[in-house]
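Chemist: Quick one: the structure is below, questions incoming.
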Amino acid sequence: MESLDSTALYALHTYNVYANDLVLETAARMTAEELTHAASPSHGSVLKLLGHIFECEYYFTLECMNTTPDQSQADRCSASLESLRECFVLLNATRENYLVKVNEYELEEEIAVDLGRGEVTLPRWQFMAQSLLHSGHHRGELSIVMTGLGHPLPTLDPILMYIRDSGQVFR
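Heads up, the sequence shown is in the working numbering, so the first residue is 426 and it goes up one at a time.
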């Protein structure tokens with residue numbers, strides 16, 4: 426892949442918000458016990474997995490904006506489903522504001538980001554893509570885990586968002 430421009434990243438952002446909202450709406454119907462039940466092979470519980478999704482989106486988005494992510498903020502946001510929902514709203518607005526203003530030169534600029542095992546230098550657009558695409562991987566995991574707990578996710582296909590946004594009804 427040569428690169429993703431701001432329009433492509435914005436399209437991924439829009440879908441990411443839509444899909445995360447569907448997951449959070451389904452999670453809101455779960456009991457505290459279901460949310461914290463150890464069922465995820467990667468992060469333990471639905472709540473911890475949702476927290477991981479938020480933390481990764483938060484971290485990479487802020488790194489792209491040349492802002493140092495605040496781990497205490499990420500921890501606070503991941504403490505409960507209610508705080509996650511509030512923090513996702515703020516993060517989504519922050520990322521959207523960034524994506525409508527960033528230019529292609531800035532997206533191609535290489536930046537260094539610490540991935541926990543040392544710094545990696547890549548074009549900014551690749552880190553932004555990571556912040557958006559990584560969540561899709563874990564939403565697939567959540568679909569299996571939440572279904573096993575009796576709360577299947579609705580279909581997360583982007584085409585359903587496109588149909589809705591066009592004013593059509595899919596039956």
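Just so you know, even glycine gets a beta-carbon here, dropped at the ideal spot from N, CA and C.
Pull up the CB-CB distance for residue 535 and residue 524, whole angstroms please, since I reckon it's below 8 Å.
Modeler: Here residue 535 corresponds to residue number 110 of the sequence shown, with the count starting at 1. Here residue 524 corresponds to residue number 99 of the sequence shown, with the count starting at 1. Rounded, the Cβ-Cβ distance is 19 Å, inconsistent with contact.
Chemist: Please identify the residue among 462, 427, 440 and 458 whose C-alpha is closest to the C-alpha of residue 559.
Modeler: By one-based count along the sequence shown, residue 559 stands at place 134. Among 462, 427, 440 and 458, the Cα nearest to that of residue 559 is on 440.
Chemist: In chain order, what residues of the same chain have a beta carbon less than 8 Å from the beta carbon of residue 564, not counting five sequence neighbours either side?
Modeler: Start at 1 with the first residue of the sequence shown, and residue 564 comes out as number 139. Closer than 8 Å at the Cβ level, and outside the excluded window around residue 564, lie 444, 445, 448, 478, 578 and 581.
Chemist: Less than 7 Å between C-beta atoms, sequence neighbours within five positions excluded: which residues of the same chain meet that for residue 429?
Modeler: In the sequence shown, the residue the question calls residue 429 occupies position 4. Answer for residue 429: 550 and 554, listed in chain order.
Chemist: In terms of DSSP beta bridges, what is residue 545 paired with?
Modeler: Looking up residue 545 in the sequence shown gives position 120. According to DSSP, residue 545 bridges with 538.
Chemist: At the level of alpha carbons, what is the spacing between residue 583 and residue 543?
Modeler: Numbered from its first residue, the sequence shown carries residue 583 at position 158. Numbered from its first residue, the sequence shown carries residue 543 at position 118. If I take the Cα positions, the gap works out to 35 Å.
Chemist: Who does residue 465 pair with in a DSSP beta bridge?
Modeler: If you number the sequence shown from 1, residue 465 lands on position 40. Answer is 469.
Chemist: Residue 566 and residue 470 - do their beta-carbons sit closer together than 8 Å?
Modeler: Reading the sequence shown from its first residue, position 45 is the one you call residue 470. Reading the sequence shown from its first residue, position 141 is the one you call residue 566. Their beta carbons are not under 8 Å apart, which means residue 470 does not touch residue 566 by this criterion.
Chemist: Do you know offhand how far residue 427's Cα is from residue 531's?
Modeler: Looking up residue 427 in the sequence shown gives position 2. Looking up residue 531 in the sequence shown gives position 106. Spanning the two alpha carbons is a distance of roughly 15 Å.
Chemist: If I follow the unbroken alpha helix (DSSP H) through residue 513, where does it start and stop?
Modeler: Counting from one through the sequence shown, the residue named residue 513 turns up at place 88. Note, residue 513: alpha helix (DSSP H), 506 to 526.
Chemist: Would you mind reading off the limits of the alpha helix (DSSP H) that contains residue 582?
Modeler: By one-based count along the sequence shown, residue 582 stands at place 157. Careful: residue 582 lies outside any alpha helix (DSSP H) and carries neither H nor E.
Chemist: Below 7 Å CB to CB, which residues in the same chain sit around residue 585 once its five sequence neighbours on both sides are set aside?
Modeler: The residue you call residue 585 lines up with position 160 of the sequence shown. 595.
Chemist: Flag this pair as yes or no: are the beta carbons of residue 476 and residue 515 separated by less than 8 Å?
Modeler: Counted from its first residue, the sequence shown places residue 476 at position 51. Counted from its first residue, the sequence shown places residue 515 at position 90. No, Cβ-Cβ distance for residue 476 and residue 515 is not below 8 Å.
Chemist: Taking Cβ to Cβ, would you say residue 574 is nearer than 8 Å to residue 482?
Modeler: On the sequence shown, residue 574 is found 149 positions in, with the first residue counted as 1. On the sequence shown, residue 482 is found 57 positions in, with the first residue counted as 1. No.
Chemist: Which of the three DSSP states is assigned to residue 574 in this structure?
Modeler: Against the sequence shown, residue 574 aligns to sequence position 149. If DSSP states are grouped into helix, strand and coil, residue 574 belongs with coil.
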